[in-house]
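For the sequence shown, our numbering begins at 1 and goes up steadily by one.
Worksheet: the structure to be examined is printed underneath.
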Amino acid sequence: PTKAALITSIFILLFYSYGHINLLARDWTLLDLNLGRHRALLPIYMVIFILAAWLILRARRDLSGTTRILIAFALILLMMPIYQVASNQLGSYRARQQLEQNPPKKSPVSISPDQALPDVYYIVLDGYPRGDFINQYLDSSNLAFLEDLEDRGFYVAHCSQSNYSDTRFSMASMLNMVYLDGGEDRSEVVHSGAVLDEMIRSGAVQQNFTDLGYTIITFESGYKWLRWEATSHHLKPGLAGTSLLSNLGLNDFERLLLDTTATRLLLDLPLLLRSDQLTEIIENPRAAHRERVMYGLEQLPHIPGDYASPKFIYAHIIFPHPPYVVDEHGAPLANAPANELEAYADQIAYLDQRLLAIMDDILENSTSPPVIILQGDHGATVAYQEHGIDPALRLGILNAYYLPPLSSENGNKERPGGLLYPSISPVNSFRLIFDAYFNAGYGLLEDRSIIGRQSPYTELTCQAPR
Numbered sequence: 001p002t003k004a005a006l007i008t009s010i011f012i013l014l015f016y017s018y019g020h021i022n023l024l025a026r027d028w029t030l031l032d033l034n035l036g037r038h039r040a041l042l043p044i045y046m047v048i049f050i051l052a053a054w055l056i057l058r059a060r061r062d063l064s065g066t067t068r069i070l071i072a073f074a075l076i077l078l079m080m081p082i083y084q085v086a087s088n089q090l091g092s093y094r095a096r097q098q099l100e101q102n103p104p105k106k107s108p109v110s111i112s113p114d115q116a117l118p119d120v121y122y123i124v125l126d127g128y129p130r131g132d133f134i135n136q137y138l139d140s141s142n143l144a145f146l147e148d149l150e151d152r153g154f155y156v157a158h159c160s161q162s163n164y165s166d167t168r169f170s171m172a173s174m175l176n177m178v179y180l181d182g183g184e185d186r187s188e189v190v191h192s193g194a195v196l197d198e199m200i201r202s203g204a205v206q207q208n209f210t211d212l213g214y215t216i217i218t219f220e221s222g223y224k225w226l227r228w229e230a231t232s233h234h235l236k237p238g239l240a241g242t243s244l245l246s247n248l249g250l251n252d253f254e255r256l257l258l259d260t261t262a263t264r265l266l267l268d269l270p271l272l273l274r275s276d277q278l279t280e281i282i283e284n285p286r287a288a289h290r291e292r293v294m295y296g297l298e299q300l301p302h303i304p305g306d307y308a309s310p311k312f313i314y315a316h317i318i319f320p321h322p323p324y325v326v327d328e329h330g331a332p333l334a335n336a337p338a339n340e341l342e343a344y345a346d347q348i349a350y351l352d353q354r355l356l357a358i359m360d361d362i363l364e365n366s367t368s369p370p371v372i373i374l375q376g377d378h379g380a381t382v383a384y385q386e387h388g389i390d391p392a393l394r395l396g397i398l399n400a401y402y403l404p405p406l407s408s409e410n411g412n413k414e415r416p417g418g419l420l421y422p423s424i425s426p427v428n429s430f431r432l433i434f435d436a437y438f439n440a441g442y443g444l445l446e447d448r449s450i451i452g453r454q455s456p457y458t459e460l461t462c463q464a465p466r
């Protein structure tokens with residue numbers, strides 16, 4: 001039994017390390033042999049296992065001490081994820097308690113009895129970069145798209161930067177209209193991840209629209225920490241029309257497990273993957289992501305007619321952010337393309353054409369002109385260092401506003417778009433909207449951006465097109 005346990009332990013260690021070493025050793029060579037290739041790595045692993053098993057079986061001494069060491073090591077490994085899960089749950093609980101002990105101040109928004117309330121669409125396009133980045137590094141251009149938006153009455157902030165380079169930081173800041181420095185005017189994020197998640201799930205923007213009596217409609221993004229609590233409608237793709245294999249397919253963690261263990265051998269067997277059924281199961285995470293993206297793009301045009309006004313729509317669409325699931329025409333991609341910059345440009349090109357049609361439908365079918373924000377939470381998600389690109393450029397984002405006119409005291413129509421400027425950042429988006437349409441009196445903050453959790457304030461060079 002002791003020898004069997006040791007041999008089993010060796011096998012488990014080799015099995016779970018194979019995919020990692022396969023990925024890590026792809027650039028390693030010995031005598032012109034690429035050690036990361038299966039034809040080299042598999043024989044090495046087999047020799048290691050056979051040699052280790054032979055030495056264990058041949059051993060004449062008592063190996064129970066070695067077994068006890070392995071058991072202790074396994075328990076330590078087991079405790080690590082248990083600690084991580086428990087720590088995460090405890091952090092979430094403490095964050096909720098902290099926010100409950102410090103309830104938000106009374107909403108400053110107000111409306112007059114006869115005021116018409118506009119529908120408000122907040123559409124976050126995850127990882128949508130600024131136009132100058134697309135031009136310079138993706139060998140593409142979205143200038144025609146931006147001009148088409150302007151022709152439809154949008155204001156495009158050509159020099160806009162996200163306040164933070166990470167989704168969690170950006171969304172917590174956007175949805176609470178504050179910087180994440182704890183009010184201490186520091187260029188860092190002082191809140192824990194659990195507190196940030198609670199700020200996203202039940203922030204000041206959501207509270208304001210709830211107090212105004214708006215119907216709140218959200219879309220499923222695939223990320224629990226981006227999912228709002230207590231909304232009127234949470235829209236997500238249903239199971240109808242999907243195949244049984246897709247419903248039983250792998251999730252993201254299971255696919256990662258396949259990629260990093262010895263099952264990587266099976267994934268790289270072309271003969272095996274000729275099976276459409278097996279491919280559908282293995283590629284389910286990509287298919288599920290594509291389905292969520294397409295569902296959001298397909299449902300947005302129907303919102304004006306399907307839900308009563310006034311309504312606030314929060315659609316966080318994880319696109320053009322990887323994974324790369326469609327080409328420039330929207331055709332599904334079976335695998336991630338080799339050239340990620342080209343693939344990123346293709347997803348932006350496809351998204352642009354879909355967005356114009358969606359904006360047309362929303363504007364045409366709304367009973368009164370809506371407020372619309374099209375905004376990236378940060379710039380492109382690519383391997384900046386690998387491509388020799390300054391990581392600070394991840395701060396440049398798409399930021400466009402459709403702000404319908406307001407009736408002034410003298411009866412004239414005034415357009416709040418006059419308050420916009422080329423470098424307005426997301427922290428000020430809802431400050432401006434609540435001030436202009438709902439008499440809030442927030443005022444605008446100075447536009448500032450940092451990289452990661454802490455960095456000096458960073459301002460990108462920009463020249464807005466004329």
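Even for Gly, the Cβ is constructed at its ideal location relative to N, Cα and C.
Quick one: grab the DSSP three-state call for residue i.
| i | result |
| --- | --- |
| Thr231 | coil |
| Asn135 | helix |
| Ile397 | strand |
| Phe312 | strand |
| Pro370 | coil |
| Leu117 | coil |
| Asn34 | strand |
| Asp268 | coil |
| Glu188 | strand |
| Val325 | coil |
| Pro337 | coil |
| Pro129 | strand |
| Asn475 | Because the chain in this structure spans residues 1 to 466, residue 475 falls outside the shown range and cannot be described. |
| Met46 | helix |
| Ile424 | coil |
| Ala59 | coil |
| Gln463 | coil |
| Pro81 | helix |
| Gly65 | helix |
| Tyr93 | helix |
| Lys236 | coil |
In angstroms, rounded to a whole number, what distance separates the CA positions of residue i and residue j?
| i | j | result |
| --- | --- | --- |
| Asn88 | Arg201 | 16 Å |
| Arg448 | Ser107 | 25 Å |
| Glu220 | Arg290 | 12 Å |
| Pro1 | Arg58 | 14 Å |
| Ile7 | Leu14 | 11 Å |
| Leu245 | Asn284 | With a pLDDT of 44 at Leu245, under the threshold of 50, the modelled position of this residue cannot be trusted; read the value that follows with caution. Roughly 9 Å separates the two Cα atoms. |
| Met487 | Ala86 | Look at the range of the chain in this structure, 1 to 466, and you will see that residue 487 is not part of it. |
| Glu208 | Ser9 | It is worth fixing the name first, because residue 208 is Asn in this sequence and not Glu. Approximately 57 Å, taken between the alpha carbons. |
| Asn142 | Pro369 | 25 Å |
| Leu42 | Glu254 | 22 Å |
| Arg467 | Val326 | The first residue shown for the chain is 1 and the last is 466, placing residue 467 beyond what the model contains. |
| Leu24 | Pro322 | 21 Å |
| Asn412 | Tyr421 | Its pLDDT being 49, under 50, Asn412 is placed unreliably in this model, and the value from its coordinates should be taken loosely. Answer to the nearest angstrom: the Cα atoms are 23 Å apart. |
| Leu267 | Thr260 | 11 Å |
| Gly388 | Arg264 | 30 Å |
At which residues does the beta strand (DSSP E) containing residue i begin and terminate?
| i | result |
| --- | --- |
| Thr218 | Thr215 to Phe219 |
Taking the alpha helix (DSSP H) that residue i falls in, what are its first and last residues?
| i | result |
| --- | --- |
| Gln299 | Asn284 to Gln299 |
| Tyr437 | Ser429 to Phe438 |
| Ile21 | Thr2 to Leu24 |
| Gly193 | Gly193 to Arg201 |
| Phe319 | No alpha helix (DSSP H) contains Phe319, which DSSP labels as neither H nor E. |
| Ala172 | Thr167 to Met174 |
| Leu341 | Glu340 to Asn365 |
| Ala163 | Note that residue 163 is Asn in the sequence shown, not Ala. No alpha helix (DSSP H) contains Asn163, which DSSP labels as neither H nor E. |
| Gly441 | Run containing Gly441: none; DSSP gives neither H nor E here. |
| Val205 | Ala204 to Asp211 |
| Ile303 | Ile303 to Asp306 |
| Glu386 | Segment: none, Glu386 is in no alpha helix (DSSP H) and carries neither H nor E. |
| Leu256 | Asp252 to Thr260 |
What I want to know is whether the C-beta of residue i ends up closer than 7 Å to one or more non-hydrogen atoms of the ligand COA.
| i | result |
| --- | --- |
| Leu175 | Absence of the ligand COA is noted for the structure shown, with no ligands found whatsoever. |
Would you list the residues sitting across from residue i in a DSSP beta bridge?
| i | result |
| --- | --- |
| Tyr155 | Tyr401 |
| Thr29 | Asn34 |
| Ile450 | Tyr164 |
| Val124 | His316 and Gln375 |
| Pro332 | Val326 |
- request: Tell me, please, whether the stretch 61–79 touches the stretch 175–186 by the rule of three or more beta-carbon pairs shorter than 8 Å.
  value: When Cβ pairs closer than 8 Å are counted between the two stretches, the stretch 61–79 is seen not to touch the stretch 175–186, the count staying below three.
Check: Does the stretch 312–329 touch the stretch 117–131, meaning 3 or more C-beta pairs lie closer than 8 Å?
Finding: Contact between the stretch 117–131 and the stretch 312–329 is present, because at least three Cβ pairs lie under 8 Å.
Contact between the stretch 156–173 and the stretch 372–379 is defined here as three or more beta-carbon pairs at a separation below 8 Å; is this criterion met? The stretch 156–173, when compared against the stretch 372–379, does touch it at the 8 Å Cβ threshold.
* May I ask you to verify whether the stretch 293–305 touches the stretch 361–368, counting CB pairs closer than 8 Å and requiring at least 3? => With contact defined as three or more Cβ pairs closer than 8 Å, the stretch 293–305 and the stretch 361–368 are in contact.
So, do the stretch 11–31 and the stretch 44–54 have three or more beta carbon pairs nearer to each other than 8 Å? The stretch 11–31 is in contact with the stretch 44–54.
Taking 8 Å as the cut-off, does the stretch 34–41 touch the stretch 89–96 (at least 3 CB pairs, one atom from each stretch)? Cβ pair count under 8 Å is below three, so no.
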